[in-house]
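Peer 1:
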Amino acid sequence: MHTVYIIYSPTLDQYFIGQTKDLRITLWQHNAKTNPATAEGKPWEVKFTQQFATRNEALSLEMKLKKKDRAHWEELINSAQPTV
Numbered sequence: 001m002h003t004v005y006i007i008y009s010p011t012l013d014q015y016f017i018g019q020t021k022d023l024r025i026t027l028w029q030h031n032a033k034t035n036p037a038t039a040e041g042k043p044w045e046v047k048f049t050q051q052f053a054t055r056n057e058a059l060s061l062e063m064k065l066k067k068k069d070r071a072h073w074e075e076l077i078n079s080a081q082p083t084v
């Protein structure tokens, strides 16, 4: 399974969108500052997840979400069921 996720940093008041095969490890990496794109945002919180059978499906949603704005992401987060 591949997971598209939206994480949020209260420190920076920013969202980050990505896709992964193992959300637990990926979230740890974001919070351990191993990803330069998210290093300053610790702590990151999972706000949205959606699972897919293939990586191509996950990448497709990830790219679509990255083209949207913050209002769209927050609407998606608020309409989704709790994730973790």
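Per UniProt numbering, the very first residue in the sequence shown carries number 1; after that it's consecutive. For every residue, glycine included, the Cβ atom is placed at its ideal position computed from N, Cα and C.
Starting from T26, follow the alpha helix (DSSP H) in both directions and report where the run begins and ends.
Peer 2: Its alpha helix (DSSP H) spans residues L23 to N31.
Peer 1: Which first and last residues belong to the beta strand (DSSP E) in which K42 is found?
Peer 2: Run containing K42: none; DSSP gives neither H nor E here.
Peer 1: With a threshold of 8 Å on Cβ separation, who are the neighbours of T54 within its own chain once the five nearest residues in sequence on each side are excluded?
Peer 2: Excluding residues within five positions, the ones whose Cβ falls inside 8 Å are H2.
Peer 1: Please check the pair T11 and K47, which I expect to be a contact at CB under 8 Å, by giving their CB distance rounded to whole angstroms.
Peer 2: Going by Cβ atoms, the distance from T11 to K47 rounds to 14 Å, so no, they are not a contact pair.
Peer 1: With three or more C-beta pairs closer than 8 Å as the rule, is the segment 5-22 touching the segment 49-64?
Peer 2: Yes, they touch.
Peer 1: Buried or exposed: where does W44 fall if 16 or more other Cβ atoms within 10 Å of its Cβ makes it buried?
Peer 2: The residue is buried, with at least 16 neighbouring Cβ atoms inside 10 Å.
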